[in-house]
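Asker: Residue numbers (my numbering), protein chains in the order written: chain Y, 1 to 416; chain X, 1001 to 1416.
Glycine included, C-beta positions come from ideal geometry on N, C-alpha and C.
Here it is: the structure, laid out below.
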C-alpha cells in the first residue's frame, strides 16, 4: 500500500476509538470552535483557494466548475453556519433502538454506535470538506477525505484549520485527514483500504460513482444519480400538474432530484401537453417526445430509447405516452435510477399502486420531486442521497452514517 | 455476460415486482405448501443427494464435509419444519417505521420494502437452499442461489420441487432460481450482476467471503468469520467464569460464535488458569499461552502473534495476559473479527467501558459468546451473522434482509 495511505489508515483507526467516547458536549463545543476558526482563518483559506482558481482558469476549467470551486467570505460564513446548525441536531450515538430480555434472563440492547472510519471521495467542491467533517465527527467517526485534485490547496487549508482546532480542543487531530497525493492510482488504492475504512461514500458524477462501486472492497453507499420521472395520470389536476412539472424540471436543472422524464397517460395528453409546453417555454426547455405525444407539441424532437434512460441535468425533458398506470410503472422501473419518481393523480387506488410498485428511494404523489433532500425532509443536514437499497435509502443525515451493536448482559448463562 | 446468468437475472428482475405485492396470506400459504412438497418429494431429493454423496466419496471428501452434504428423511423433515416456523413470524414488509409531516403539508412515511433480488453464494450444504428461499421469499424478494458444485444434484432437486410448488400456488416459479453452471468463472460473473441483483450474501468460509468482497460490484453483507474473545477481568466470579469459557470454547468448536482466544487480567491468572485448564482438559483443549501466562499452565504451547488473530474452529484456545481492561480492549479490537466478544467481571464500570469500546456486532457481559444466533436472539430465523457495520450487524433475520422507501404525499407542493 502507498505509504501515505498506510499512515493515514493507521492514524484514523487509532483515532476512531477516542471519537466513539466523545460526549455530545465535547463534540458540540469542538464544532462551534471549528466554525469560528474557519471564519477567523478565512483569508488564508481564500488565498489557498485563489491558487486553485488560478490553476483552474489556466487549465481551461468551465465556468460552472470554477464557480463550484470558488470560496468567498460569504461562502465561508455559510459553511460555518452549517456547522453551527449541526450542534442543534440530536446526537445520533448511544440511542437504544431496542431492548428485550430472553427467557434465560439475558438482557439484550440494540444501540447506535459510530461507523468507525468513513471515507469520502468527491470532486472539486471545497465546501464538501467541512460539511463532511461536521457530519462524520458528530456521528462519532473519523473521516478520511479524498477531494478533487483541482481543489487540493483549498482542501489543505481547510483541513489544517480544522485539525489544528481539534487539537486546541484537546481532541485527536487525526479525526480529519486529507489524502494529499493527487495521483489517480492512490484513489484506487484508497478504495481497497478495507482494513482501515468501514464505509466509503462517493459524492459526485456518475463516472466517479461507477469507478468506486467497481473498484472498492470497502462497503459503499452509492449516492446521486437521479433520472427522476413524473407520471401524469388521466385524472391529474392540470392546474396543479403544470406548476409541479415546471418546478421539478426547471427550478434547478443540475441537481439529482430534478425531473428528467415525463410519462403521460394518453387520455390527458391533449389537455396537458400544449399548456405544459407553453409554461416550459419560459425556460426554453427542449422537449423530446415519443411518437404518440409529438403531435401535440410544437417543434418537439423525437425521443430515442436512450433519452428515457438519460439524466440530462439540463433544460431538456423526455416524454413517453402510456395507456395505464401499470404501463407507467413498468416504464419507470425500467429506465429510472431508483432516486425519486412522482405520480400526479386524483385516483387514490392508482396512487397506492404507484407508491407500492415504484422501486425508488422516494415515491411522490402530487408533489415536486425536488423535495428529496435532507434539509427538506427535516433531517437538518445531509451527506448525500442514497440510491442503493442497502443500509440507507434516500436522504442520508446523521443517523444514516451510524451503525449499531448489540450488548448482552447476563449472569453466567451458557448455551445448552 | 454468461447466457445462463443473463437469463436468470432477467427472470429474477421480472419476478421481484410481483413478489413485492404478495399478501402475507399468499406467502404463508405457499411456504406451507413448499414444506409439504419437500417431504412428499423426499425420496427424489434423497436420490439426487445420493449422487452428490457418491461423487463426494469418490473425490475423497472429508467426513465432516460429507456429513454437511448428507440429506436424510429426518433432515428433510427438519428443513420443512423450519419453513413452517417462518409462517409464525411477523411479515417484515409494509411496516411504517416513521411518519411525519413537513411544515408545507407534505406527509412523509418511511416504509419497509423488499430488497428486490437477493443473491446467496454458499458451499455444499443443501439445507441452505430451502432455508435461504424461505427467508428471501417471506421478505418479498426473489432469490438467486449459487451453491457448492459438489451439491448440484441435491440443489437441483430441491429448487425444482420449490419452483413447481410455487407455480402450483399460482406464483412465479422464478422467485427461486439456481445457477446450474459449476464453472468458477460463472460465480465471479454472478458477483458483478449489479444490474439485476440488489444484495449479495456469501455464506461460508473466510476464503469465499474474501473472494466475494474483492470481486463483487453488488452490495455485499459479509457473514461469518468469528475470532471471538473472552476477557476475564480481575474481579470475575471464577465459579461462573469457568463454565462460560468451557461452554464458549467447547460446546461446538466449528462455529463462528465459539471462543478462540482468552484474555486474562494478571491479577486473576493464578487463580483462574490451573482450574480452567483442568476443566478444558475434559475436551482435550490445546492451550497456546503467552509468556506471562504459560507458567501457570501445565504443558501449554507458546502462543505466537499469529495465534491471536486465528479463528481455529478447533479444540485450541490462545491465551493473552493484560494488566488492565483498557489493555484488554486494545488487544481485542486489534485481533478480533468484530463478531462477538465478552467480558467476565463484577466491576460495572469496566463492563460499561468494555461494552462501549469493543467494536463488535455483539458485546457480552458475563454470558457465553455462543448466543450470537438469530434463534437465540428470538428472531425466529437467521440468514447469517453480519460482521460488517453497513446495513445489518450481528444475527440477520427477516427484517435485516429488507430495505425501506419514503413515500411523500402532497397536494401540489413545489420547492421555492
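Anything in the stretch 1377–1397 of chain X with a Cβ closer than 9 Å to a Cβ of chain Y? List those residues in chain order, please.
Answerer: 1377, 1378, 1388, 1389, 1390, 1391, 1392, 1393, 1394 and 1395
Asker: Excluding five sequence neighbours on each side, which residues of the same chain lie with their C-beta closer than 8 Å to the C-beta of residue 1227 of chain X?
Answerer: 1260, 1261, 1309, 1310, 1311, 1335, 1336, 1337 and 1339
Asker: Please report how far the alpha carbon of residue 253 of chain Y lies from the alpha carbon of residue 316 of chain Y, in whole angstroms.
Answerer: Residue 253 of chain Y and residue 316 of chain Y have their C-alpha atoms spaced approximately 9 Å apart.
Asker: Going by DSSP, which residues form a beta bridge with residue 138 of chain Y?
Answerer: Partner(s): none; residue 138 of chain Y has no beta bridge.
Asker: Could you check whether the Cβ of residue 227 of chain Y sits closer than 8 Å to any Cβ belonging to chain X?
Answerer: no
Asker: Can you name, in chain order, every residue of its own chain whose Cβ lies under 6 Å from the Cβ of residue 1369 of chain X, other than the five neighbours on each side?
Answerer: 1228, 1248, 1257, 1259, 1340 and 1342
Asker: Roughly how far, in whole angstroms, is the beta-carbon of residue 1154 of chain X from the beta-carbon of residue 1055 of chain X, given that I think they are within contact range, below 8 Å?
Answerer: Not really, about 11 Å apart at Cβ, beyond 8 Å.
Asker: To the nearest angstrom, how far is the alpha carbon of residue 1329 of chain X from that of residue 1322 of chain X?
Answerer: 10 Å
Asker: Buried or exposed for residue 1092 of chain X, going by 16 or more other Cβ atoms inside 10 Å?
Answerer: buried
Asker: Sort out for me which residues DSSP pairs residue 1375 of chain X with in a bridge.
Answerer: Paired residues: none, contrary to the question.
Asker: Applying a beta-carbon distance threshold of less than 9 Å, which residues of chain Y neighbour residue 1151 of chain X?
Answerer: At a beta-carbon threshold of 9 Å, none of the residues of chain Y lie near residue 1151 of chain X; the nearest stands roughly 28 Å away.
Asker: What are the partner residues of residue 341 of chain Y, as DSSP defines its beta bridges?
Answerer: Y:229 and Y:363
Asker: Roughly how many whole angstroms lie between the Cα atoms of residue 358 of chain Y and residue 320 of chain Y?
Answerer: 17 Å
Asker: Thinking just about the alpha-carbon of each residue, which of X:1140, X:1186 and X:1130 is nearest to the one in residue 1160 of chain X?
Answerer: X:1130
Asker: What does the alpha-carbon distance come out to for the pair residue 351 of chain Y and residue 365 of chain Y?
Answerer: Taking the Cα positions, residue 351 of chain Y is about 7 Å away from residue 365 of chain Y.
Asker: Is it the case that the CB of residue 313 of chain Y approaches a heavy atom of the ligand NAP more closely than 7 Å?
Answerer: The ligand content of the structure shown is nil, which means the ligand NAP is not present either.
Asker: Apart from the five residues on each side of it in sequence, which residues of its chain come closer than 7 Å, Cβ to Cβ, to residue 395 of chain Y?
Answerer: 372, 373, 374, 377, 379, 382 and 385
Asker: Starting from residue 1320 of chain X, follow its DSSP beta bridges and name the residues at the other end.
Answerer: Bridge partners of residue 1320 of chain X: X:1263.
Asker: Select from Y:181, Y:182, Y:41 and Y:347 the residue whose C-alpha is nearest the C-alpha of residue 157 of chain Y.
Answerer: The shortest C-alpha separation from residue 157 of chain Y is found at Y:41.
Asker: If you count every other CB in all the chains shown that lies within 10 Å of the CB of residue 1090 of chain X, and 16 or more means buried, which is it?
Answerer: exposed
Asker: What residue range is occupied by the uninterrupted alpha helix (DSSP H) comprising residue 1080 of chain X?
Answerer: 1073–1086
Asker: Work out the CA separation of residue 361 of chain Y and residue 172 of chain Y for me, nearest whole Å.
Answerer: 36 Å
Asker: Check whether the stretch 174–183 of chain Y and the stretch 51–66 of chain Y are in contact - that is, three or more C-beta pairs closer than 8 Å.
Answerer: By the C-beta criterion, the stretch 174–183 of chain Y is judged not to be in contact with the stretch 51–66 of chain Y, since fewer than 3 inter-stretch pairs fall below 8 Å.
Asker: With distances taken Cα to Cα, identify the nearest neighbour of residue 389 of chain Y among X:1387, X:1401, X:1397 and X:1388.
Answerer: The residue from X:1387, X:1401, X:1397 and X:1388 with its alpha-carbon nearest to that of residue 389 of chain Y is X:1401.
Asker: In the DSSP assignment, the beta strand (DSSP E) including residue 1402 of chain X goes from what residue to what residue?
Answerer: 1402–1413
Asker: For a contact meaning CB atoms closer than 8 Å, what does residue 1199 of chain X contact in chain Y?
Answerer: 389 and 390
Asker: Taking the continuous alpha helix (DSSP H) assigned at residue 1429 of chain X, which residues delimit it?
Answerer: Because chain X is modelled from 1001 through 1416, residue 1429 of chain X falls outside the range shown and cannot be assessed.
Asker: In the DSSP output, which residue or residues are listed as bridge partners for residue 1384 of chain X?
Answerer: X:1396
Asker: Relative to the C-alpha of residue 1147 of chain X, which candidate in X:1104, X:1175, X:1069 and X:1242 has its C-alpha closest?
Answerer: X:1069
Asker: Assuming residue 1134 of chain X and residue 1200 of chain X are in contact, meaning their beta carbons sit under 8 Å apart, how far apart are those beta carbons, in whole angstroms?
Answerer: Not a contact, Cβ separation roughly 18 Å.
Asker: Counting only beta-carbon atoms, is residue 261 of chain Y nearer than 8 Å to chain X?
Answerer: Closer than 8 Å: no.
Asker: With 8 Å as the C-beta to C-beta threshold (strictly closer), list the residues of the stretch 210–221 of chain Y near chain X in chain order.
Answerer: Those would be 213, 214, 217, 219, 220 and 221, in chain order.
Asker: Taking only three categories from DSSP, how would you classify residue 1176 of chain X?
Answerer: strand
Asker: Quick check: residue 1027 of chain X and residue 1174 of chain X, are their CB atoms within less than 8 Å of each other?
Answerer: no
Asker: Which residue spans inside the stretch 1291–1320 of chain X form an unbroken alpha helix (DSSP H) run of at least 4?
Answerer: 1291–1294 and 1305–1308
Asker: Which ranges would you report for the beta strand (DSSP E) in the stretch 110–170 of chain Y if only whole runs of at least 3 residues count?
Answerer: 117–122 and 142–146
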